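Asker:
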Amino acid sequence: MPGLAPRSHHSPVMAAVSVQRQDRVDATAAAVLVLLCALWGVQQVAVKVAVEQGLPPALQATLRSFVAAVLVCVWIGLKEGRVAVRALLRRDAALGPGLITAVLFALEFLALYPGLHLTTASRGVVFLYTAPFFTALGAHLFIPAERMSLRQAAGLVIAFAGVAAAFADSLGEQGGSVAGDLLCLAAGALWGATTVVVKANPVLSHTTSSKVLLMQLAGSVPILLLASAAFGDLDHWPQATGLAWACLFYQTVIVAFLSYLTWFWLILTYPAGRIAGFTFLSPLFGILAGWLLLGEHASFGLLLGLAAIAVGLRLVNGRGPLRR
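First residue of the sequence shown: 6, per the working numbering; consecutive thereafter.
1) For residue 275, I'd like the list of residues in its chain whose CB is within less than 7 angstroms of its CB, leaving aside the five on either flank, ordered along the chain.
2) Rounded to the nearest angstrom, what separates residue 262 and residue 106 at their Cα positions?
3) Figure out for me which residue from 51, 301, 42 has the closest Cα to the Cα of residue 254.
4) Excluding the 5 residues preceding and the 5 following residue 217 in the sequence, name in chain order all residues of the same chain whose CB lies nearer than 8 angstroms to its CB.
5) With a threshold of 16 other CB atoms inside 10 Å of the CB of residue 72, please say whether the residue is buried or exposed.
6) Going by other Cβ atoms of all chains shown within 10 Å of its Cβ, with 16 needed for buried, is residue 88 buried or exposed?
7) Would you tell me roughly how many angstroms separate the C-alpha atoms of residue 292 and residue 94, rounded to the nearest one?
8) Quick check on the DSSP output: the alpha helix (DSSP H) that includes residue 186 runs from which residue to which?
9) Cα separation between residue 232 and residue 61?
10) If contacts are defined as beta-carbon pairs under 8 angstroms, then residue 80 and residue 264 qualify, I think. What distance do you get, rounded to the angstrom?
11) Suppose you measure from the CA of residue 239 to the CA of residue 67; what does that come to, to the nearest Å?
12) Determine the direct distance from the alpha carbon of residue 40 to that of residue 213, and round the result to whole angstroms.
13) Buried or exposed: where does residue 320 fall if 16 or more other Cβ atoms within 10 Å of its Cβ makes it buried?
14) Count the other CB atoms within 10 Å of the CB of residue 137; is the residue buried (16 or more) or exposed (fewer)?
Structure representation (structure tokens):
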């Protein structure tokens, strides 16, 4: 990971309050976003495989949040010392809005994991990654400095059209369900809402990325644990296979810990609506992972979709005014 030096203003682990704000996505951020999109695209396959291998959905989400929260504390302790950990755990003005993001985060995964179990990974991922629409719309409504121009709005529409083209054949496959699709769509809306809350709230927007992540992860654990108990998931975990635990490790350490720290650094440094446009790449990585690992159909519209996404992202991140 880049920027691991203690108290670096660009560290994805301990982004300082005085982090240097950027008004557009630079080459470094773009490269990091592409990597994150690849990790997130594969994650949908990992969730589905873990469920099929014996780890129930709500229990997966609970363990994922709990272990990732512990890892954040351990990481900060190793890099910054005990004083930094105590500062991370100290109650302050960020607690209230942080708990709101924790509730949204928990609800997102309570929708996503069962949704992926009910539908195919290819169908689920395209509905999940409607999140940039909700993020861009929320940023436009609640963050005056990030209002979209008509060109940027058109870029998001073109990018989504590219995703639709790439998934046109997959959306017609058997194995999906309306309920699963709607749950994944709800997860996308909740993800977008979480991003907007973090960016729009004046306290959270000046809070270290590691603290924002920790509040979200730790705060979601009680909600997810109660849901696991209510769904009866706690009775089934001994049936999980080694592959299921490997998939959970990927979701927890690689995605929920490393990639989320980086994501919070990005949304606290760059315009939320603009970086959200890059998440349209995740479905493309997801469909490739589904094809390679699950044997799901890979549409010939993939190349056309990729071209449309590239055009859309260029419009979203191009030079020009942020206001109409």
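Ideal Cβ positions, reconstructed from N, Cα and C, are used throughout, including at glycine.
Computed from a predicted structure; not experimentally measured.
Answerer: Once the coordinates are examined:
1) 27, 30, 34
2) 16 angstroms
3) 51
4) 99, 103, 106, 203, 209, 269, 273
5) buried
6) exposed
7) 39 angstroms
8) 183–205
9) 11 angstroms
10) That pair is no contact at about 14 angstroms.
11) 11 angstroms
12) 22 angstroms
13) buried
14) buried
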